[in-house]
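Peer 1: Dropping a structure here in structure tokens format, bear with me for questions.
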Amino acid sequence: MTLPTFSSSDDPGPSFADLLKRTRPTDALPERAHDLAITHGTTVLGVRYADGVVMAGDRRATSGNLISHKTMEKVFPADRLSGVAIAGAAGPAIEMVKLFQLQLEHYEKVEGAVLSLEGKANQLGQMVRGNLPAAMQGLAVVPLFAGYDLRRAQGRLFEYDVTGGRYEELDHVASGSGSLHAGTVVKLGFRDGLSREEAIDLVLHALYRAAEEDSATGGPDLIRGIFPVVATITAEGYQRVDDAELRTRVEAIIAGGAAG
């Protein structure tokens with residue numbers, strides 16, 4: 137077999153798939169993952185407040201230009217004192233969350249102690265890094281991780297990139313297709329020492345605005361009773377906010393003129 141050669145003016149670039157397309161018949165190439173109908177989760181965010189952190193995610197999942205699910209959950213407890221929110225390819229993301237939960241539980245049973253929050257964040261980063269080959273095929277998973285650090289007595293937030301890079305954010309973070317709009321609302325509304333109620337209202341408002349600007353982000357549905365998943369993580373542990381409270385807060389946001 138003779139390797140192909142290229143002149144300096146005909147560089148094939150870094151893409152192996154593009155190189156194959158130029159040197160092999162088209163029918164010899166496998167179908168690429170991003171040509172398939174892949175379900176994606178969209179907007180998630182986290183905000184620090186006085187007692188810990190609040191995480192939130194909308195409920196819409198999309199496959200290209202189609203809405204594939206209206207009630208998908210994107211925020212999950214990782215263990216008693218931490219949570220993870222997913223954006224990206226839904227299938228690999230949910231499997232990653234399940235494995236992450238299992239690993240934290242296994243560590244606690246084997247070691248007889250809870251892994252530090254820093255250690256949990258590092259472990260999730262390694263899992264994201266392990267998914268890099270799939271991410272290069274279009275199955276990217278970009279989670280957010282948050283928890284209450286008992287050693288520091290405060291909530292902490294972490295975001296990741298597709299290579300497993302882990303970055304701690306001091307006050308707030310957003311990921312997914314609507315993150316630009318949701319993040320802007322949070323940035324403008326954030327201040328130190330937010331109360332639980334203020335933090336929940338802030339993330340709800342951010343997701344509401346994101347849904348107005350981003351078609352992949354689902355807004356609250358008062359008729360069907362579909363609301364974002366919102367959870368707080370404090371020294372008392374992970375607690376999901378019930379839909380009855382969310383309905384009251386969403387109605388107040390709409391009545392206050394958020395729709396305008």
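All residue numbers for the sequence shown refer to the working numbering, where the first residue is 137 and numbers rise by one.
Heads up, the beta-carbon is just placed ideally off N, CA and C, and yes, glycines get one too.
Once you ignore the five residues that flank Ser-313 on each side, which residues in its own chain have a CB closer than 7 angstroms to its CB?
Peer 2: Thr-178, Thr-179, Asp-350, Ala-352, Thr-353
Peer 1: Between the alpha carbons of Thr-384 and His-205, how many angstroms are there, rounded?
Peer 2: 24 angstroms
Peer 1: What residue range is occupied by the uninterrupted beta strand (DSSP E) comprising Ala-310?
Peer 2: 308-311
Peer 1: Assign Thr-370 to one of three DSSP states: helix, strand, or coil.
Peer 2: strand
Peer 1: Which residues share a DSSP beta bridge with Asp-357?
Peer 2: Answer is Ile-362, bridged to Asp-357.
Peer 1: For Gly-182, count neighbouring C-beta atoms within 10 Å of its own C-beta (all shown protein chains included) and say buried if the count is 16 or more, exposed if not.
Peer 2: buried
Peer 1: Quick one: residues in its chain with C-beta nearer than 7 angstroms to the C-beta of Ala-276, no 5 flanking neighbours on either side, listed in chain order?
Peer 2: Gly-224, Ala-225, Val-298
Peer 1: Going residue by residue through the segment 192-247, where are the continuous beta strand (DSSP E) segments of at least 3 residues, counting only ones entirely within it?
Peer 2: 197-199, 202-205, 211-215, 218-221
Peer 1: If you draw a straight line from the C-alpha of Met-272 to the C-alpha of Ala-388, how long is it?
Peer 2: 43 angstroms
Peer 1: What does DSSP give as the partner residues of Asp-285 in its beta bridges?
Peer 2: Gln-290
Peer 1: Are the CB atoms of Thr-278 and Tyr-303 nearer to each other than 8 angstroms?
Peer 2: Per the sequence shown, residue 278 should be read as Val rather than Thr. Not a contact, by the Cβ cut-off of 8 angstroms.
Peer 1: Compute the distance between the beta-carbons of Gly-319 and Val-264, then report whether it is under 8 angstroms.
Peer 2: no
Peer 1: Rank Leu-358, Pro-364, Glu-334, Gly-373 by C-alpha distance to the C-alpha of Ala-214 and give the top, closest one.
Peer 2: Gly-373
Peer 1: Tell me the DSSP secondary structure of Arg-376 in three-state form.
Peer 2: strand
Peer 1: Buried or exposed for Leu-343, going by 16 or more other Cβ atoms inside 10 Å?
Peer 2: buried
Peer 1: Could you tell me the alpha carbon to alpha carbon distance between Lys-210 and Asp-146, rounded to whole angstroms?
Peer 2: Lys-210 and Asp-146: Cα-Cα distance of roughly 45 angstroms.
Peer 1: On a Cα-Cα basis, can you pick out the residue from Leu-340, Ser-199, Glu-333 that is closest to Gly-274?
Peer 2: The candidate whose alpha carbon is nearest that of Gly-274 is Ser-199.
Peer 1: Measuring straight from C-alpha to C-alpha, what distance separates Gly-355 and Glu-247?
Peer 2: 43 angstroms
Peer 1: Within the present structure, is the beta-carbon of Val-190 separated from the nearest heavy atom of the ligand ATP by less than 7 angstroms?
Peer 2: As far as ligands go, the structure on display features none, and thus does not contain the ligand ATP.
Peer 1: Do the CB positions of Leu-240 and Leu-251 come within less than 8 angstroms of each other?
Peer 2: If you check the CB distance, Leu-240 and Leu-251 come in under 8 angstroms.
Peer 1: How would you write the range of the beta strand (DSSP E) that Leu-181 sits in, first residue to last?
Peer 2: That run of the beta strand (DSSP E) goes 180-185.
Peer 1: What does Leu-280 pair with, by DSSP beta-bridge criteria?
Peer 2: In DSSP, Leu-280 forms a bridge with Ala-221, Glu-295.
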